[in-house]
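*Asks:* Under my numbering, the letters of the sequence shown match residues 249 to 537, in that order.
Think of the CB as a built atom: it goes at the ideal place given N, C-alpha and C, for glycine as much as any other residue.
Bear in mind the structure is a predicted one, so any value in this text is a computation, not a measurement.
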Amino acid sequence: MAKFVPDVTTNRWVIIAEGRIKRPSDVKPGTGVDKFCIFCPGYEKIPGVELYRTPDGEPSTVGWKVRVIANKYPITDFHEVIIHSPDDVLDLDKLSLDQVHQVLLTFKERFNYNAKNGHVLIFNNVGEAAGASISHPHSQLVVIPKQINLDTLAFEPVMNVIEESSHFCVFCPEFSQWPFETWIAPKNRGKYFGETSAEEVSDLAAVLQNTLRRLITHLTRGSHFHPGVPAVVFKNGPAYNFYIYHGQDWYIRIIPRLIHRAGFELGTGLSVNIIDPADAAVILKEEIK
Ligand SMILES: [Zn+2]
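Dropping the structure here:
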């Protein structure tokens with residue numbers, strides 16, 4: 249069971265979760281798909297208890313599009329794994345638009361299901377540099393007790409716009425802490441993620457996929473030169489995190505993992521961003537969809 253320990257000097261909390269160290273890791277740069285994967289179809293009975301699947305069907309059998317299981321190595325008492333699709337390799341940037349839509353509908357379903365238990369944080373780690381331990385594309389959902397105050401960023405004003413759809417705005421906030429940090433925010437403000445309309449979720453599928461494609465395309469193609477802007481690229485394939493802000497006035501924050509935080513950042517809590525968000529927005533805007 250997870251223990252929440254207050255750090256009195258910073259008013260932050262530390263989660264002590266001893267079971268986490270035992271979790272399996274199969275993320276190695278350059279490995280192929282020819283391996284045993286417990287998130288692949290056919291192995292449904294091996295990982296944690298199945299909590300949800302789409303479409304509806306017999307739990308722990310094949311035939312699912314998106315599958316949610318309890319995490320065997322939980323960070324907190326409620327910790328779910330959302331498997332993006334039966335495909336072992338394709339992720340949100342490459343899956344069919346309908347599949348991305350199914351994933352987001354599942355996010356919304358599980359967000360609302362878990363909201364009674366605390367703050368619901370949905371996040372996605374891609375690549376070893378981003379902390380992924382199993383490569384089969386998946387996201388995670390962790391519920392943190394309401395009495396734990398979370399150290400979060402408030403919604404930042406829309407600046408440096410990359411793309412606008414009917415319901416969303418994609419931009420690089422002026423106060424970006426990371427190179428090419430990108431936010432997706434609904435135009436209809438003041439809501440929780442779980443309150444998004446069917447039309448918004450459908451629009452978000454396309455917007456999220458486009459945004460990931462822009463980031464991955466740009467940050468994979470090292471030769472793309474922009475005068476005056478430092479060249480940063482993924483070293484071992486795409487590595488990024490995104491999370492859906494748990495509170496009111498929700499947004500999605502995507503952080504490409506291009507640099508490591510070092511002593512200065514750890515010692516001061518200050519972020520050094522080597523890319524001006526205004527430049528990042530211009531560059532990402534130019535990328536093909
Ligand atoms: Zn797999």
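For V253, write down the residues that DSSP places opposite it in a beta bridge.
*Replies:* Your numbering for residue 253 matches position 5 in the sequence shown. V253 is bridged to V262.
*Asks:* To test your reading of the DSSP string, which unbroken alpha helix (DSSP H) runs of 4 or more residues are found completely within the region 332-409?
*Replies:* Runs of the alpha helix (DSSP H) inside the region 332-409: 345-362.
*Asks:* With distance defined between alpha-carbon atoms, name the residue in V310, R315, A377 nearest to V481.
*Replies:* Indexing the sequence shown from 1 puts residue 481 at position 233. When only C-alpha atoms are compared, the closest one is A377.
*Asks:* Return the CA-CA distance between T324 and H474, expressed in angstroms with no decimal places.
*Replies:* As a working mapping, residue 324 is identified with position 76 in the sequence shown. As a working mapping, residue 474 is identified with position 226 in the sequence shown. Straight-line Cα distance between these residues: approximately 44 Å.
*Asks:* Give, in chain order, every unbroken run of the alpha helix (DSSP H) that is at least 4 residues long and sits entirely within the region 438-497.
*Replies:* Runs of the alpha helix (DSSP H) inside the region 438-497: 446-468.
*Asks:* Just checking, does the region 386-399 make contact with the region 319-338 on the three C-beta pairs under 8 Å criterion?
*Replies:* Touching, per the Cβ criterion.
*Asks:* Is H539 near ligand 1, with its Cβ less than 8 Å from a heavy atom?
*Replies:* Within the shown structure, residues of the chain are numbered from 249 to 537, placing residue 539 beyond reach of any answer.
*Asks:* State yes or no: is the beta carbon of P254 nearer than 9 Å to at least one beta carbon in chain C?
*Replies:* In summary, chain C is missing from the structure at hand, where a single protein chain is found.
*Asks:* Have a look at N360 and G442 and give me their C-alpha separation to the nearest angstrom.
*Replies:* Stepping through the sequence shown from its first residue, residue 360 is reached at position 112. Stepping through the sequence shown from its first residue, residue 442 is reached at position 194. Each residue's alpha carbon lies about 5 Å from the other.
*Asks:* DSSP three-state label for A510, please.
*Replies:* As a first step, residue 510 must be located in the sequence shown, where it is residue number 262. Coil.
*Asks:* Measure the alpha-carbon distance for E426 versus E404 and round it to whole angstroms.
*Replies:* As a working mapping, residue 426 is identified with position 178 in the sequence shown. As a working mapping, residue 404 is identified with position 156 in the sequence shown. Correcting the residue type first, residue 426 is Trp in the shown sequence and not Glu. One C-alpha to the other measures close to 15 Å.
*Asks:* Helix, strand or coil for P303? Go by DSSP, reduced to three states.
*Replies:* If you number the sequence shown from 1, residue 303 lands on position 55. In the structure shown, P303 sits in coil (DSSP, three-state: anything other than H, G, I, E or B).
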